[in-house]
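Here is the structure we will look at.
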Amino acid sequence: MFCSSYYHISLTLHFLYWKASIISDLKTVYITRRETFNAAHKLWNEMWSAEKNEEVFGRCSNHNWHGHNFTLYVTVKGIPNPDTGFVINLKDLSQIVKDEIVEVLDHKNLNLDVPFLKDILPSTENMVICIWDRLVEPIRSSGGEIAKIKLVETENNYVEYWGDGEPF
Ligand code: NI
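Reading the sequence shown from the start, the letters are residues 1 to 168 in my numbering.
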């Protein structure tokens, strides 16, 4: 009786392990870490007159800057590791985003204070491209593959970027 029941449990465990392995082997999963920062900027094209800047950028061209509470979503894709079930350790991903992005942008003037945005017009569109470029390698070094950046500027406006890949 004992042997039979042990055999049954053992078979069940083997089946579950096999099933988990198969699932991990085949399924790509997308996981996302959210971080926040706030920063000031001004949308201004130096090649244009003040009138044209005001016409195109409106209140965003305000000479003495304006600010936003940004929310950044960084999505990494991969197959769950069979030992951990993780695509990437979210603690590691959070630390990368904090080190590379939040620490550099938070409470800063995006036009003046941020080396990796130098000479870039800091629209949300341009920011997601620069943020992507800055995160690719550190995330790869942690075993992940960056899949998407989403940057929320206001509750009504956000921008998404998938690198040069197609949206999934
Ligand atoms: Ni703005």
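By construction, the Cβ of each residue, glycine as well, lies at the ideal position given by its N, Cα and C atoms.
On a predicted model such as this, the values are computed, not experimentally measured, just so you know.
Per DSSP, cross-strand counterpart(s) of His66: By one-based count along the sequence shown, residue 66 stands at place 66. His41, per the DSSP bridge assignment.
Beta bridge counterpart(s) of Trp162 as assigned by DSSP: Position 162 of the sequence shown, counted from the start, is the residue given in the question as residue 162. DSSP, once it has assigned bridges, lists Asp164 as partnering Trp162.
Proximity test, His68 beta-carbon vs the ligand NI heavy atom, cut-off 7 Å: As a first step, residue 68 is located in the sequence shown; it is residue number 68 there, counting from the start. True, at least one ligand heavy atom lies under 7 Å from that Cβ.
Validate contact between the region 118 to 133 and the region 148 to 162 using beta carbons, cut 8 Å, 3 pairs: yes
C-beta contact flag for Glu35 and Lys91 at 8 Å: What you label residue 35 is simply residue 35 of the sequence shown in a count that begins at 1. What you label residue 91 is simply residue 91 of the sequence shown in a count that begins at 1. Contact flag unset, no.
6 Å CB neighbourhood of Asp106 in its chain, flanking five on each side removed: Taking the first residue of the sequence shown as position 1, residue 106 is located at position 106. Excluding sequence neighbours, Asp106 sits near Phe37.
Buried/exposed call for Met1, threshold 16 Cβ in 10 Å: The residue given as residue 1 occupies position 1 in the sequence shown. Confidence at Met1 is low in this model, with a pLDDT of 48, below 50, so the placement of that residue should be treated as unreliable; the coordinate-derived value is given next. When all chains shown are included, Met1 counts as exposed.
N- and C-terminal bounds of the alpha helix (DSSP H) containing Lys91: Start at 1 with the first residue of the sequence shown, and residue 91 comes out as number 91. 90 to 97 is the span of the alpha helix (DSSP H), which, as asked, contains Lys91.
Meets three-Cβ-pair contact criterion under 8 Å: the region 25 to 34 and the region 72 to 90: yes
Helix, strand or coil at Ile79 according to DSSP, with G and I counted as helix: Counting from one through the sequence shown, the residue named residue 79 turns up at place 79. Reduced to three states, the DSSP call for Ile79 is coil.
Of the listed residues Leu151, Gly165, Pro167, nearest to Asn69 (C-alpha basis): Taking the first residue of the sequence shown as 1, we reach residue 69 at position 69. Cα-wise, what sits closest to Asn69 is Leu151.
Cβ neighbours of Arg140 in the same chain (closer than 6 Å, five flanking residues each side left out): Taking the first residue of the sequence shown as position 1, residue 140 is located at position 140. None.
Rounded C-alpha distance that separates Ile129 from Pro167: If you number the sequence shown from 1, residue 129 lands on position 129. If you number the sequence shown from 1, residue 167 lands on position 167. Spanning the two alpha carbons is a distance of roughly 15 Å.
Classification of Val56 by the beta-carbon crowding that lies within 10 angstroms, buried from 16 upward: For the purposes of this step, residue 56 is taken as the residue at position 56 of the sequence shown. Answer is exposed; the Cβ neighbour count stays below 16.
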